[in-house]
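Numbered per my numbering, the sequence shown finishes at 912, counting up by one with no gaps. Ideal Cβ placement from N, Cα and C applies to all residues, glycine included. Since the model is a prediction, treat every value here as computed from it, not as a measurement.
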Amino acid sequence: MAEVTIEKLASDISTSVDRLVQQFKESGVEKKAGDSVTEVEKQTLLDYLNKQHGGAGAQAPKKMTLQRKTTSTISLGKSRAVKVEVRKKRTYVKRSDIEEKRLAEEEAARKAEEARIKREAEEKAQEAAKLAAQEKAKKAEEARKAQEAERQARAEKAKKEAEERKASESKLTDEEKKALAESRAEEERLKKQQEEEVQRKLEEDAKKAAEEARKLAQENERRWKEEEERRKKEEAEEVHLHSNRYAQEAEDEEDMQVERSSRRRKKSKKNAGEHLKQGFTMPVAPAIKVVKVGESINVGELASRMSVKGTEVIKTMMKMGEMATINQVLDQETAVLVIEEMGHTYELVNDNALEDELIAVSDEGEQVTRAPVVTIMGHVDHGKTSLLDYIRRAKVADGEAGGITQHIGAYSVETDNGRIAFLDTPGHAAFTAMRARGATATDIVILVVAADDGVMPQTKEAVQHAKAANVPLIVAVNKMDKESADPDRVKTELSQIEVISEEWGGDYQFVNVSAKTGLGIDELLEAISLQAEVLDLKAVETGPARGIVIESRLDKGRGPVASVLVQSGLLKPGDILLCGEEYGRIRAMRDEHGADIKAAGPSTPVEVLGLSGVPIAGEDALVVADERKAREVAAKRHTKQRELKLAKQQKAKLENMFANMESGDVSELNVVLKADVQGSIEAISESLVKLSTDEVKVNIIGSGVGGITETDASLASASNAIIIGFNVRADATARRTIEADEIDLRYYSIIYELIDEVKQAMTGMLAPEFKQQIIGLAEVRDVFKSPKIGAIAGSMVTEGVIKRSNPIRVLRDNVVIYEGELESLRRFKDDVQEVKKGIECGIGVKNYNDVKVGDQIEVFEVVEVQREL
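In structure tokens, the structure reads:
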């Protein structure tokens with residue numbers, strides 16, 4: 044081709060001369076306007092431009108771009124249409140030889156990896172099948188050996204039996220031999236049948252095992268095949284995506300903008316007003332909650348856990364017959380009933396998880412015999428203190444006398460048979476409190492009875508306490524040195540309250556002693572040791588200590604002081620002690636002599652300093668490991684005690700006896716009875732017991748002559764009883780206990796009033812009866828018409844009183860024709876509440892206008908009639 048000028052070339056390719064000159068310059072050819080261009084220079088420019096657009100110069104093009112434009116019309120209605128032009132551009136790139144080679148290498152590597160994975164899977168399957176076959180063969184060999192051994196044993200047994208039969212057959216007759224042969228044939232047949240059955244069962248088991256192995260192999264093969272197909276499919280997809288990642292680029296920006304704008308218009312119309320809509324979707328069914336309930340929960344918290352309003356819970360409880368407030372504490376049973384009534388489910392949780400974890404002390408260890416803990420009880424002036432003093436003077440090693448009872452109310456005595464720990468519990472208050480809390484601090488009770496005085500009221504109280512706590516009782520008959528001593532009288536009187544001596548065929552030891560001369564002291568200690576041996580008292584003497592608080596007080600100089608009886612383990616200064624709602628690190632410990640000690644083992648009383656407050660007598664004392672957790676447990680116990688006091692009505696009151704019986708809380712009425720004389724006690728007791736029925740039972744748990752003491756109050760509190768005083772009163776200490784524990788106390792001076800009130804309380808469970816009583820009668824003399832009320836009956840009261848607030852009946856010829864109420868009652872123009880006999884009045888009957896002359900208006904009232912047993 045001939046040479047052309049710059050101007051001609053620029054005109055042919057539709058570009059400017061300046062741009063063409065610039066492109067020649069960039070490709071390395073210097074040209075200016077008017078110059079001619081050769082074919083070589085044209086090829087140089089073309090290669091440069093190819094490289095600029097992704098090509099390889101003079102080589103074949105590596106990339107090809109295709110453009111496509113489509114126009115469509117969208118109808119928006121009858122007379123509206125919009126033309127939409129969509130432009131699409133796709134670029135295809137040719138792979139080079141290097142890329143082809145790399146893809147081929149990747150494909151070969153992939154196939155090699157597949158072959159390796161398949162080979163490993165087959166090897167694993169073969170190994171598993173081989174192990175299964177070996178295990179199966181091993182089991183079959185073991186079964187074969189067991190069968191062989193069993194067969195040999197049976198053969199030896201059969202051989203032995205054959206020899207025995209042969210020896211016995213020589214002595215038999217022909218008939219007996221024939222019968223024996225038949226029985227043998229039968230046995231052989233049965234035996235052969237059993238062997239065939241066993242063999243058949245073994246063959247079936249073997250077939251079953253083979254079938255299971257075959258199914259397992261098929262299942263494994265199917266799984267491997269599916270896994271292989273899935274993996275191949277994933278790899279094929281991955282290769283396809285990889286091979287096309289250079290083949291398609293993004294669409295043209297203008298086309299994308301057109302499509303995006305079109306989508307935005309459609310979406311805006313479709314979602315118009317979406318931002319104004321609420322996001323709440325009403326549930327299709329009521330949500331059932333799983334409510335966790337502890338020992339107690341208040342109404343507000345229960346409503347929160349069920350995701351309902353507190354008023355809904357209160358309304359549900361009102362339907363169930365229970366009035367409640369939002370802050371009222373419910374016990375576990377009531378809360379469960381409310382949850383089930385409202386259609387939810389419950390889960391009972393242990394609120395004491397932290398407490399159980401903290402006090403979980405392992406009792407593992409060597410159990411050693413411990414000293415018995417003895418409580419001495421008895422009537423005043425029967426020599427209880429003198430007996431204690433004599434034992435202390437005679438048996439305490441260092442001769443200490445005094446100071447022990449004042450310090451901690453307990454001390455130890457060394458005897459020939461070992462150590463004995465004595466508790467001094469004046470008034471039995473601590474003993475009763477311990478029983479009320481389920482404690483078992485005392486092992487043996489010694490009942491001191493004066494030989495010249497016999498059984499007295501406090502003696503009977505002591506027997507009641509001992510029996511209620513299920514503690515063995517030893518009777519010490521004191522003052523045997525007096526001339527008027529009569530031990531047989533003591534045995535006779537005690538036998539009347541079911542305390543019978545061993546000499547008379549009972550279960551109680553009686554020891555005659557004298558605190559003045561020392562008579563029988565050794566025998567008493569021997570009896571205690573003997574009873575302790577029978578009880579076989581043991582405890583672990585190492586590890587964290589457990590015990591019980593005997594008594595406690597607030598010392599002005601030392602702070603809270605607690606007397607603790609160690610029951611197991613070893614108590615040391617520095618231990619963290621948890622006593623009920625109080626806790627603390629032990630700063631110091633003192634023994635029964637007031638001396639500091641470093642450790643205290645089982646059955647040892649100690650005085651402890653360092654608690655956060657004064658604990659309650661009878662509380663458990665536990666050594667724990669974590670002071671922070673001990674503080675949490677103490678605080679939780681305090682909260683729980685307050686909640687339980689609000690949640691439960693712990694005392695049986697006469698006023699709510701009916702409600703308690705309806706809910707099943709009370710099945711018997713416990714009574715502590717005190718009177719001025721023994722005759723009154725017997726009469727009242729007999730009368731109250733006769734009131735018992737199949738539904739309600741009167742249970743007299745304690746009775747005695749004299750004033751109401753703190754002991755009676757403690758017994759009533761522990762037994763959920765009421766106190767009845769007949770011609771007696773409670774002392775100041777007892778009144779404080781009664782007020783603190785909210786015990787029901789009743790005073791009487793007439794026996795019939797006492798019996799009647801208890802009887803009324805028991806009859807409260809019977810449904811009351813109602814009857815109608817006529818209080819007035821009026822005769823209609825004339826009838827007037829009123830525009831407001833209607834018919835007004837001008838009447839004369841012939842009997843009783845006509846009252847406006849009572850219901851009425853209208854009688855005609857002594858037949859009731861209407862029953863209702865009065866709308867108005869007037870004397871002349873004045874409204875009145877009642878009209879007496881012999882006075883005229885105007886009567887308006889509500890909602891009834893058919894009153895006639897001669898009718899009678901009868902006024903009545905409904906009277907409740909109490910039922911009786």
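Would you report the Cα separation of Gly71 and Leu89, rounded to the nearest angstrom? 12 Å
Relative to the C-alpha of Ser762, which residue among Ala777, Gly747, Ile743 is closest? Ile743
Going by CA-CA distance only, name the one from Arg628, His636, Arg671, Asp634 that's closest to Ala664. Arg628
Cβ-based neighbour list, Met523, same chain, cut-off 8 Å, excluding 5 preceding and 5 following: Ala494, Pro530, Asn555, Val556, Ser557, Leu562, Gly563
Could you check the C-alpha separation between Val894 and Arg847 for me, to the nearest Å? 17 Å
Opposite Leu614 in the DSSP bridges: which residues? Ala643
Can you give the Cα-Cα distance for Val583 and Val411, rounded to whole angstroms? 6 Å
Spatially closest choice to Phe903 from Asp873, Val896, Gly863, Lys362, by CA coordinates: Gly863
Pairwise C-alpha distance: Glu376 and Ser339: 9 Å
Between Ile640 and Val649, is the Cβ-Cβ spacing less than 8 Å? yes
Neighbourhood of Asn460 by C-beta distance below 8 Å, restricted to the same chain and skipping five residues each side: Leu568, Glu569, Ser572
Closest to Ile357 by CA distance: which of Ile382, Val336, Gly337, Lys335 is it? Ile382
From this set, Ile619, Lys332, Gly612, which residue's C-alpha is nearest Thr388's C-alpha? Lys332
Range of the contiguous beta strand (DSSP E) that encloses Pro850: 850 to 855
Do the CB positions of Val741 and Ile724 come within less than 8 Å of each other? no
Just to confirm before moving on: does the CB-CB distance between Pro616 and Arg596 stay below 8 Å? no
By Cβ distance below 8 Å, which residues in the same chain neighbour Val732 in space, the five residues on each side in sequence not counted? Val741, Ile743
Which residue marks the beginning of the alpha helix (DSSP H) containing Ala775, and which one marks its end? 775 to 784
Would DSSP call Gly353 helix, strand or coil? helix
Run of the alpha helix (DSSP H) containing Lys599, from where it starts to where it stops: Element bounds for Lys599: n/a, residue is neither H nor E.
For a quick check, are the C-beta atoms of Leu537 and Ala519 less than 8 Å apart? no
Might you give, ordered along the chain, the residues of its own chain that have their beta carbon closer than 8 Å to the beta carbon of Leu734, omitting 5 neighbours on each side? Val741, Ile798, Val801, Lys802, Met805, Leu912
Can you tell me where the alpha helix (DSSP H) with Asp374 in it begins and where it stops? Premise fails: Asp374 lies in the beta strand (DSSP E), 372 to 374, not in any alpha helix (DSSP H).
Which word fits Thr475, buried or exposed, when buried means at least 16 other C-beta atoms lie within 10 angstroms of its C-beta? At Thr475, the pLDDT of 47 sits below 50, so the modelled position is not reliable and the matter cannot be decided from this model.
So what does DSSP say about Gly549, is it helix, strand or coil? coil
Would DSSP call Lys895 helix, strand or coil? coil
Coarse secondary structure for Leu608, derived from DSSP in three states: strand
Just to confirm, are Lys126 and Thr114 a CB contact at a threshold of 8 Å? yes
Can you give the Cα-Cα distance for Ala512 and Lys362, rounded to whole angstroms? 43 Å
Beta-bridge partners of Val334, as assigned by DSSP: Tyr389
Would you mind giving the Cβ-Cβ distance between Val607 and Gly590, rounded to the nearest angstrom? I have them listed as a contact below 8 Å. 5 Å
Which of the three DSSP states, helix, strand or coil, is assigned to Val379? helix
Per DSSP, what are the beta-bridge partners of Asn521 in this structure? Ala493
Would you mind sorting Arg227 into buried or exposed? The rule is 16 or more other CB atoms within 10 Å of its CB. exposed
Among Glu541, Val492, Pro515, Ala505, nearest to Glu528 - alpha-carbon criterion: Note that residue 528 is Ala in the sequence shown here, rather than Glu. Comparing Cα-Cα distances from Ala528 to each of Glu541, Val492, Pro515, Ala505, the minimum goes to Val492.
Can you check whether the CB of Glu625 is closer than 8 Å to the CB of Ser655? yes
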